[in-house]
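>
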Amino acid sequence: MYDIDATHDPKLKSWVAVANQAGCEFPIQNLPFGRFRPAGSQGGWRIGVAIGDQVLDLRAAGIVDTDDMNTLMAATPQQRQALRKRLSDGLREGSSEQGAWSKALAPQSACEYTVPCKVGDYTDFYTGIHHATTIGKLFRPDQPLMPNYKWVPIGYHGRASSIVVSGQDFKRPHGQTKAPDAAEPSFGPCKRLDYELELGFYVGAGNAMGQSVPMAEAEAHLFGVGLFNDWSARDIQAWEYQPLGPFLSKNFASTVSPWIVTMEALAPFRAPFVRAAGEPQPLPYLDSPGNRERGQLDITLEVLIQTAKMREAGAAPHRLTKGRVAEAAYWTAAQLVAHHTINGCNLQPGDLFGSGTLSGPTPDAAGSLMELTLGGKQAIELPNGEKRTFLEDGDTLILRGWCERDGAVRIGLGEAVGTVLR
Ligand code: CA
Numbered sequence: 053m054y055d056i057d058a059t060h061d062p063k064l065k066s067w068v069a070v071a072n073q074a075g076c077e078f079p080i081q082n083l084p085f086g087r088f089r090p091a092g093s094q095g096g097w098r099i100g101v102a103i104g105d106q107v108l109d110l111r112a113a114g115i116v117d118t119d120d121m122n123t124l125m126a127a128t129p130q131q132r133q134a135l136r137k138r139l140s141d142g143l144r145e146g147s148s149e150q151g152a153w154s155k156a157l158a159p160q161s162a163c164e165y166t167v168p169c170k171v172g173d174y175t176d177f178y179t180g181i182h183h184a185t186t187i188g189k190l191f192r193p194d195q196p197l198m199p200n201y202k203w204v205p206i207g208y209h210g211r212a213s214s215i216v217v218s219g220q221d222f223k224r225p226h227g228q229t230k231a232p233d234a235a236e237p238s239f240g241p242c243k244r245l246d247y248e249l250e251l252g253f254y255v256g257a258g259n260a261m262g263q264s265v266p267m268a269e270a271e272a273h274l275f276g277v278g279l280f281n282d283w284s285a286r287d288i289q290a291w292e293y294q295p296l297g298p299f300l301s302k303n304f305a306s307t308v309s310p311w312i313v314t315m316e317a318l319a320p321f322r323a324p325f326v327r328a329a330g331e332p333q334p335l336p337y338l339d340s341p342g343n344r345e346r347g348q349l350d351i352t353l354e355v356l357i358q359t360a361k362m363r364e365a366g367a368a369p370h371r372l373t374k375g376r377v378a379e380a381a382y383w384t385a386a387q388l389v390a391h392h393t394i395n396g397c398n399l400q401p402g403d404l405f406g407s408g409t410l411s412g413p414t415p416d417a418a419g420s421l422m423e424l425t426l427g428g429k430q431a432i433e434l435p436n437g438e439k440r441t442f443l444e445d446g447d448t449l450i451l452r453g454w455c456e457r458d459g460a461v462r463i464g465l466g467e468a469v470g471t472v473l474r
């Protein structure tokens, strides 16, 4: 569906000089979309494309005639590929657009951002099988992985209104909790606040109600990916989650990165979808040759923490986790689209899917504190001697992601940052 073309050429350079520096998150091969405005202004949000340390205002440059990201996301893959080519041609060294487009640039550091599109509906999946197994053991030692897990891409309908952009902090939630040995629940601030390292998949073109999206067409309905931190109140979750799943333990805040890295940009960073011998093969509606060949995304993710004490001392954030999506995800993004629509459910441009916590097979790739601390039983020690089982007020979590591979230019997803307030 999304092939490598001239826009991925590793030799391409941009007239935005910073974009050509080694390790830059946003080289000309990336071109992610976001919504921005000058920091502190009250103006409307504009559609921008990140290039180097700048953001290109698409309407000011005469490239689009709308400020509505969801309209842009509804375009066909052909229209989107044409837009990507136009952006690549205009931003490359020697382009005749340089004079006009350079007037439509703003430094990223001088801008503020919002959630990159209007998210109508948000569905949180549970594709991280190592996460599901480890968490399952903590909640249900006798049956860690439910019998449906390897057949059904498990998900629940989350809440879109509390999805916030990187940099927006949130208050520790209050709620009902019940200690295992207590006779009755108590009410108060969450004592087991956690993060979840996830990818967010953004839907592009929607489907009509009643019309399922087959696997072969599923990726055409995906616009791109961003980082997603599904903050979770584990003590509230443990008491409320049966029988209908998580509710208030999840919907107080979720943090996304400002940029959507498009499926086109990810074309060089794909990996096969493999079911190991002995594992159930997906049912036919969740299977396709294209998915087997390259359904997975080869993205590296990491999580860092900076406590209030670290911040005061000027200490750099400390890495908690580093892992690869393809080693963590039991289902691919295309399978999530096919499954979500198999009953006729209609997706709309801007809908968001959380991947589920993407924990790798080894403990250093665990995507939540629940896993890193074995359910709060074993504190982790930070370089300054502070200990954590769960998050404390003032803790800042930073999610980062990037793709790198021989023969391709490294691209970044940026950051999703959030701080827990009292
Ligand atoms: Ca989640």
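Under the numbering used here, think of the first position of the sequence shown as 53, with each following residue one higher. Built from N, CA and C at the ideal position, the CB exists for glycine as well. Just so it is clear, the structure is predicted and the values come from calculations on it, not from any experiment.
1. Are Leu421 and Gly412 closer than 9 Å when you measure CB to CB?
2. Name the one or two DSSP bridge partners that Leu274 has.
3. Since Cys163 sits in a beta bridge, which residues does DSSP pair it with?
4. Given a cut-off of 9 Å, decide if Leu274 and Ala385 are closer than it, judged by their beta-carbon atoms.
5. Which residue wins for smallest C-alpha separation from Gln131, given the options Ala257, Thr409, Leu465?
6. If you drop the 5 nearest sequence neighbours on each side, which residues of the same chain put their C-beta closer than 7 Å to that of Arg346?
7. Let me check you understand the geometry: is the CB of Lys429 closer than 8 Å to at least one non-hydrogen atom of ligand 1?
8. Which residues neighbour ligand 1 when neighbourhood means a C-beta less than 6 Å away from any of its non-hydrogen atoms? List them by chain order.
9. So, for Arg211: in the same chain, excluding its five sequence neighbours on each side, which residues have a beta-carbon less than 7 Å away from its beta-carbon?
10. At 3 residues or longer, what runs of the beta strand (DSSP E) sit wholly inside the region 126-150?
11. Starting from the C-beta of Asp339, find all residues in its chain whose C-beta is less than 8 Å away, skip the five residues before and the five after it, and write them out in chain order.
12. Which word fits Pro8, buried or exposed, when buried means at least 16 other C-beta atoms lie within 10 angstroms of its C-beta?
13. Contact between the region 141-157 and the region 229-244 is defined here as three or more beta-carbon pairs at a separation below 8 Å; is this criterion met?
14. Check Thr393 in the structure and name its three-state DSSP category.
15. If you count every other CB in all the chains shown that lies within 10 Å of the CB of Pro90, and 16 or more means buried, which is it?
16. What whole-angstrom Cβ distance do Asp282 and Arg244 have, given they're in contact under 8 Å?
17. Give the DSSP-derived three-state secondary structure of Glu248 in the structure shown.
18. Hey, how far is the Cα of Ala317 from the Cα of Ser301?
On the basis of the data shown:
1. Not closer than 9 Å, so no.
2. Val255.
3. Per DSSP, the beta bridge partners of Cys163 are Pro90.
4. In this structure, Leu274 lies closer than 9 Å to Ala385 by Cβ.
5. Closest by alpha carbon: Ala257.
6. Spatial neighbours of Arg346 in its own chain (CB-CB distance under 7 Å, excluding positions within 5 residues in sequence) are listed in chain order as Arg322, Ala323, Pro324.
7. Distances between the C-beta of Lys429 and the heavy atoms of ligand 1 are all 8 Å or more.
8. Counting every residue whose Cβ lies closer than 6 Å to a heavy atom of ligand 1, we get Asp176, Glu248, Glu250, Asp282, Gly406, Gly408, Thr409.
9. Around Arg211: Tyr174, Asn303.
10. The region 126-150 is shown to contain no whole beta strand (DSSP E) run of 3 or more residues.
11. The answer, listed in chain order, is Met267, Gln333.
12. Summary: the structure shown does not reach residue 8, with the chain confined to residues 53 through 474, and so no result is reported for it.
13. Between the region 141-157 and the region 229-244, the count of Cβ pairs shorter than 8 Å is below three; the stretches do not touch.
14. In this structure, Thr393 counts as helix in the three-state DSSP scheme.
15. Around the beta carbon of Pro90, a 10 Å sphere encloses fewer than 16 other beta carbons of the protein chains shown; the residue is thus reported as exposed.
16. Rounded to the nearest angstrom, the Cβ distance from Asp282 to Arg244 is 15 Å, too far for a contact under 8 Å.
17. Under the three-state reduction of DSSP, Glu248 is assigned to coil, being neither helix nor strand.
18. In a straight line, the C-alpha of Ala317 is about 34 Å away from that of Ser301.
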